[in-house]
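Residue numbers (our numbering): 8 to 468.
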C-alpha cells in the first residue's frame, strides 16, 4: 500500500500493519478504566449502607443529581478527544495544545459556575428528586461538598479526552485506578471516623470523592501540559466548536435518556413484576455497554487520527475492524444471555416476575450484535466529528420509538415483550444509520471525501 502522500506518523502507525492487535491493545485499558468508577460507587454505597436507610437514601439522591449534572459536560472529553486525534493526524501538535488549553479553561469556568449555582439550588434539586426532612438535609450536605470538586471532575473529563486523543489509553487507566483506590481509603477514614478523625457520614463520602477527583485532575492535567505544553494563544472560535459539539451531544444523549426512561415507565405501568423484570434486563444492558464503549472510544481516536491525516481508506478500515470486534462481542454477550438465562433469572429476578422476564430477556439477547454496532458506529462518527448526524439519527429513532411506546400503552395490550420489541427497533434504527454513514457513506459523510489519485491503487489492495 502506497503511503508517501500521507503524514509520516500516519504511515508508521501500528494499525496499518497490525489492525486487530492495535484495536484490542487500545480497548482493554479503556474497559478496565470504565469499570473502575462503578465499582467505587458500589464501595461508597457499602460504606454508607452501614449508617442506615436515611444516609443511603440521601446518597442516592445526591449521586443521581450530580451524575446527571456532570453528564451535561461530557462534550469536553468527547470533543477534545476528536479534535486532538485529528490535529495529531495532521501533525499539528500546536493545535492539539490549543484544544487541551481551551478544554481546561472551559472546565474551570463551568466548574466554578456549578459551584455558584449548585450551592443555593442543592435543596431545591433534592426536593425535586423526592427528598425531604433528614434525607434532604443529608443530600444537601453531600452535594455541597461534592460540588467543590466540580472543576476537577470537568478537568479530568477533558484530560482523559486529550490523552485518549493521543491514543494513550493506559495513562487514564492508571489515574482512574489510583484515584478510585484513594477514594476507597478515604471512605474508610472519613465515613465512620478513625482515631482522631471524626465520623463525617455522608459528607465523608463526598469529601473522599472530592479530594480524589482533585488529585486525579492535577495528575492528568500536569501530564497533558508536559506533553503538549501550554498554547501561546487560545482561539475563541475553537471554543465555539467545542460548545457546538456540546449542544449536539446534549440533545442526542438527552433523547437517548428520554427513551430509556419512557421504556422503564411503560414497563412499570404494567405492574411490579414487569417493572422488576425490566430493571434486571436494563441493568445487564448497562453493564454490557462498558465493553462496547471501550471499542467505541478506541474507534473514535483511531478514526479521528486517520481522518486528520486525510487517509480515509485507513479510517474506513478502522471502522471495519472495530465493527467486526463489536459484532463478535455482541454475539458473546448474546450467547451468555441466552444460555445463562436460567442462572441469571435466579440471581436477578424475583420468582413472581420470571414468567414475564424470559421472553423479553431473549429479545434483548438476540439484539446484542446489532446493539454493538450502534455503540461502535457512535464512536466511529465521534472520530469524524459527525456529531450533528448522530443527533439527527437519535431524533428519528427516539421519535419513532416514543410514539410506538405511547401507542402500545394506549392499546391496552401492552406487555414487557412489546416494550423490548420496540426497544430493539430503536436500537436497530440507530445501528442501521450508523453503518450506512460509513458503507456506502450516505449524505455528506466524511467517508465520502475524494481521495488523491495515488490512493486508488491502495483501495484495491
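From the three backbone atoms N, C-alpha and C, an ideal C-beta is built for every residue, glycine too.
Nearest-angstrom Cα distance between residue i and residue j?
{"i": "residue 71", "j": "residue 146", "result": "10 Å"}
{"i": "residue 101", "j": "residue 109", "result": "12 Å"}
{"i": "residue 49", "j": "residue 41", "result": "14 Å"}
{"i": "residue 356", "j": "residue 428", "result": "20 Å"}
{"i": "residue 166", "j": "residue 231", "result": "7 Å"}
{"i": "residue 160", "j": "residue 186", "result": "12 Å"}
{"i": "residue 433", "j": "residue 118", "result": "34 Å"}
{"i": "residue 91", "j": "residue 169", "result": "6 Å"}
{"i": "residue 237", "j": "residue 105", "result": "8 Å"}
{"i": "residue 278", "j": "residue 38", "result": "36 Å"}
{"i": "residue 327", "j": "residue 34", "result": "15 Å"}
{"i": "residue 375", "j": "residue 422", "result": "21 Å"}
{"i": "residue 338", "j": "residue 439", "result": "17 Å"}
{"i": "residue 274", "j": "residue 420", "result": "12 Å"}
{"i": "residue 290", "j": "residue 370", "result": "15 Å"}
{"i": "residue 53", "j": "residue 77", "result": "23 Å"}
{"i": "residue 27", "j": "residue 361", "result": "40 Å"}
{"i": "residue 467", "j": "residue 320", "result": "Only weak support is given to the placement of residue 467: the predicted model assigns it a pLDDT of 30, under 50, and the value that follows is read from those uncertain coordinates. Computed Cα separation, rounded: 10 Å."}
{"i": "residue 399", "j": "residue 390", "result": "17 Å"}
{"i": "residue 221", "j": "residue 158", "result": "8 Å"}
{"i": "residue 218", "j": "residue 156", "result": "7 Å"}
{"i": "residue 383", "j": "residue 29", "result": "16 Å"}
{"i": "residue 216", "j": "residue 153", "result": "7 Å"}
{"i": "residue 6", "j": "residue 235", "result": "An answer regarding residue 6 cannot be provided, because it is not within the stretch 8 to 468 covered by the chain."}
{"i": "residue 25", "j": "residue 294", "result": "29 Å"}
{"i": "residue 173", "j": "residue 316", "result": "14 Å"}
{"i": "residue 130", "j": "residue 143", "result": "7 Å"}
{"i": "residue 137", "j": "residue 210", "result": "20 Å"}
{"i": "residue 331", "j": "residue 31", "result": "12 Å"}
{"i": "residue 202", "j": "residue 397", "result": "53 Å"}
{"i": "residue 306", "j": "residue 329", "result": "6 Å"}
Kindly identify the DSSP beta-bridge partner or partners of residue i.
{"i": "residue 204", "result": "201"}
Check whether the Cβ of residue i lies closer than 6 Å to any heavy atom of the ligand NAP, and answer yes or no.
{"i": "residue 172", "result": "With respect to the ligand NAP, the structure offers nothing, as it holds no ligand at all."}
Determine the DSSP secondary structure at residue i, reduced to helix, strand or coil.
{"i": "residue 39", "result": "helix"}
{"i": "residue 448", "result": "coil"}
{"i": "residue 85", "result": "helix"}
{"i": "residue 150", "result": "helix"}
{"i": "residue 155", "result": "coil"}
{"i": "residue 421", "result": "coil"}
{"i": "residue 332", "result": "helix"}
{"i": "residue 21", "result": "helix"}
{"i": "residue 13", "result": "coil"}
{"i": "residue 51", "result": "helix"}
{"i": "residue 174", "result": "coil"}
{"i": "residue 139", "result": "coil"}
{"i": "residue 245", "result": "helix"}
{"i": "residue 357", "result": "coil"}
{"i": "residue 239", "result": "coil"}
{"i": "residue 429", "result": "helix"}
{"i": "residue 318", "result": "coil"}
{"i": "residue 276", "result": "helix"}
{"i": "residue 144", "result": "helix"}
{"i": "residue 300", "result": "helix"}
{"i": "residue 255", "result": "helix"}
Residue i and residue j look like a contact to me (Cβ under 8 Å); what is the Cβ gap, rounded to whole Å?
{"i": "residue 284", "j": "residue 364", "result": "4 Å"}
{"i": "residue 436", "j": "residue 403", "result": "6 Å"}
{"i": "residue 386", "j": "residue 334", "result": "Actually they are not in contact, since the Cβ atoms of residue 386 and residue 334 sit about 14 Å apart, beyond 8 Å."}
{"i": "residue 485", "j": "residue 126", "result": "No statement about residue 485 is possible, as the shown extent of the chain runs from 8 to 468 and does not include it."}
{"i": "residue 447", "j": "residue 393", "result": "Incorrect: roughly 15 Å between the Cβ atoms, too far for contact."}
{"i": "residue 198", "j": "residue 206", "result": "7 Å"}
{"i": "residue 249", "j": "residue 82", "result": "7 Å"}
Within a Cβ cutoff of 8 Å, which residues of the same chain sit near residue i, ignoring the five residues on either side of it in sequence?
{"i": "residue 128", "result": "none"}
{"i": "residue 377", "result": "337, 431, 434, 435, 438"}
{"i": "residue 21", "result": "28, 29"}
{"i": "residue 241", "result": "105, 108, 109, 112"}
{"i": "residue 150", "result": "69, 72, 73, 125, 129, 132, 133, 213"}
Who are the Cβ neighbours of residue i in its own chain at under 6 Å, not counting the five residues just before and after it?
{"i": "residue 226", "result": "182"}
{"i": "residue 56", "result": "63"}
{"i": "residue 287", "result": "355, 356"}
{"i": "residue 372", "result": "341, 344, 345"}
{"i": "residue 443", "result": "449"}
{"i": "residue 223", "result": "163, 182, 186"}
{"i": "residue 416", "result": "273"}
Apart from the five residues just before and just after residue i, which ones in its own chain have a Cβ nearer than 7 Å to its Cβ?
{"i": "residue 272", "result": "none"}
{"i": "residue 98", "result": "14, 16"}
{"i": "residue 314", "result": "93, 96, 322, 390, 391, 453"}
{"i": "residue 269", "result": "409, 412"}
{"i": "residue 132", "result": "72"}
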